[in-house]
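Chains as they are written, first to last, in my numbering: chain A, 5 to 337; chain B, 5 to 337.
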């Protein structure tokens, strides 16, 4: 199979080229484990090695902490200072205002997110929501990127399981493009493109990985990467932070399912996931639908991809979804 | 330093955040060497292992070949067939028409492009030009991506030094964005944004890496990656394939300079380079200016970057350019 497929939201092309197709076990995997440089700075007893915590949940034995949020030790951006714009000849710059935080998902340095109980995975999403709601009171912060880098091949520098939050004074181009694409579709059809996509995926079934009453996990039609998986709420909402209590439980169950299936099919790959959500200072948007994009890092992005924005994907999403459906965790959630 | 910088052409933001700054030698380098799975399929005597050659230059001893262009053994796209569009419910696809070729830069499996004589580096650019001029006679092919992946960390799967050409039936989004950005600037100022950039860089000097009468190599103001370097012709031209004979010689000298300096400063890093040029079926464009973008692969792109399009760069381009100027090849070209 050699075909171009168009992402209906952004209009970007991908090339599905299975000429050099490999079965999951044959992928040259990036190592998912991170070499530890001594004991984890995130573990119990090392709390003083991080900056003062911003949030903690205490569901451990005897009320011990089970999740902590701390400022990133090497923040890409800082909240201190004022947001100023300046010119430098023909160039433009802006001060590096923002926030960069780390969610320590567990006190145990040796357990992965996929292997935590569902209630602890749910806590990660509660922590994201709590931090977004706190940070968005600073009106300079217009967008929050909630994401996880798992494994060295995915950019993680610390092995202890954690996620990150970066708050930005600008709306990223990717978000602008998704919202603009959603609006183009809505203006013509008066329907949400993401809701329509869910409907078609549930009818077709061939790209579905897992689903429950609240969420559907599927391999998108124009997948950029092998085993790329999107997790989308059935209920139309533009903002992640408006999740409900039952939804967080359903999301945790779906994420555990998908991550365990990826671990089985690809032998614990490095991966990234990112929550795609609407700008935090805006009200509900009828043409945008928040969701999570999960990318296992099993192939390297090379010169062609980063210079064209066109990805060459050697695994058809229908085949990837089939593999993931067939990979059955010991005790399905 | 923590600041946002805006690329004046595309409007994309980068974050220059030197909080976690590292000196060049401290970068966790991706290995640049590729493990060879047996003898190189590209070397002398193994010509039958490749598909029939499309082009060859014979500057070797006794008229032996010094450069060959062959079809990629696992092409992402093929010229055979017709270009057809089809729908699949709400989704759109197009047949995988195109071309995918490999330029074998030298018969020697153990020499890198940077270490070839300038005349042989010039041959790579002549080969690119010759292949573009041949392929563009097929009017379905609207864009040609000319690029090199060097080292495993940059996506190369074969160690023997080679470059690639992919011909596409669509103009990549990145090219559309660059041309649109150039047009916005030209519409207001009646000047080429790239020519203005060259002028400011040559006045400022702090980001210049190397220059000669034909080309200027510099670290762009809004560099996405540490040691990102652009090589730009002084003469305004939108299409790479309109290079002149003296320009190819000057380009080869500049590329050798820059690649050798990168090898010295970063201890032979993996890298990608891509020629950014105008769509091949269009005439000269006054608001676009072809150039080469070189990206050493010294940091990993993680979840934040691919989901936002905003890159976090830990090395200020002014510092990177200084390091590259200070890294002096034994015999400067």
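Positions of the beta carbon are idealized from the N, C-alpha and C atoms, including for glycine.
Three or more Cβ pairs closer than 8 Å define a contact, and the segment 80-87 of chain A falls short of that threshold against the segment 53-63 of chain A. Here residue 221/B carries a strand assignment [DSSP, helix/strand/coil]. Taken atom to atom, the span from the alpha-carbon of residue 230/A to that of residue 177/A is near 24 Å. Residue pairing of residue 75/A in beta bridges, as defined by DSSP: 105/A.
The Cβ atoms of residue 316/B and residue 322/B do not sit closer than 8 Å to each other.
Exposure of residue 43/A is indicated by the presence of fewer than 16 other C-beta atoms within 10 angstroms of its C-beta.
Contact between residue 262/A and residue 233/A is confirmed by a C-beta separation of about 6 Å, below the 8 Å threshold. Between residue 137/A and residue 106/A, the beta carbon gap of about 18 Å keeps them out of contact (Cβ cut-off 8 Å). Taking a beta-carbon distance threshold of 8 Å, residue 115/A does not count as an interface residue toward chain B. Bounds of the beta strand (DSSP E) holding residue 91/B are 89-92. For the segment 260-289 of chain A, residues whose beta-carbon sits nearer than 8 Å to a beta-carbon of chain B comprise 276, 277, 278 and 280. Note: residue 234/A is bridge-paired with 222/A and 297/A in the DSSP secondary-structure output. Scanning the segment 126-185 of chain B for uninterrupted beta strand (DSSP E) segments of 3 residues or longer gives 147-154 and 166-172, listed from N- to C-terminal end.
Below the 9 Å Cβ cutoff, chain A contributes no neighbours of residue 231/B, its closest Cβ being approximately 15 Å away. If you look at residue 263/A, you'll find it in the alpha helix (DSSP H) that goes 249-270.
Remark: C-beta atoms of residue 164/A and residue 275/A do not approach each other more closely than 8 Å. In summary, residue 327/B is buried, with 16 or more beta-carbon neighbours lying within 10 Å of its beta-carbon over all protein chains present. DSSP, read as helix, strand or coil, puts residue 289/A in coil. Apart from sequence neighbours up to five positions away, the residues of its chain that approach residue 100/A with a beta-carbon distance below 7 Å are 81 and 82, ordered along the chain.
Under the three-state reduction of DSSP, residue 308/A is assigned to helix. Contact between residue 255/B and residue 151/B is absent: CB atoms are separated by about 15 Å, not below the 8 Å threshold. Contacts between residue 12/B and chain A, judged by CB atoms closer than 8 Å, involve 94, 95 and 96 in chain order. Using a CB distance below 9 Å, no part of the segment 131-145 of chain A faces chain B. One thing to note: residue 98/B has its Cβ no nearer than 8 Å to the Cβ of residue 284/B. If you ignore the 5 residues before and after residue 53/A, its C-beta comes within less than 7 Å of the C-beta of 45, all in its own chain and listed in chain order. Annotation: the continuous alpha helix (DSSP H) that includes residue 206/B extends over 197-208. Not flagged as an interface residue toward chain A: residue 54/B, since no C-beta distance is shorter than 8 Å. Distance from the CA atom of residue 188/A to the CA atom of residue 252/A, rounded to whole angstroms, is 30 Å.
Counting other Cβ atoms within 10 Å of its Cβ, residue 250/B stays below 16 and is therefore classed as exposed. When 294/B, 95/B and 304/B are compared, the shortest CA-CA separation from residue 9/A is found for 95/B.
The beta carbon of residue 311/A sits closer than 8 Å to some beta carbon of chain B. DSSP places residue 6/A outside any alpha helix (DSSP H); the residue lies instead in the beta strand (DSSP E), whose first and last residues are 6-10. The beta carbon of residue 64/A is closer than 8 Å to those of 70 and 111 in its chain, skipping five residues each way along the sequence. Secondary structure note for residue 119/B: it is in no beta strand (DSSP E), with a DSSP letter that is neither H nor E. A contact between stretches requires three or more CB pairs, one per stretch, nearer than 8 Å, and the segment 208-224 of chain B fails this requirement with the segment 108-123 of chain A. Not flagged as an interface residue toward chain A: residue 215/B, since no C-beta distance is shorter than 8 Å.
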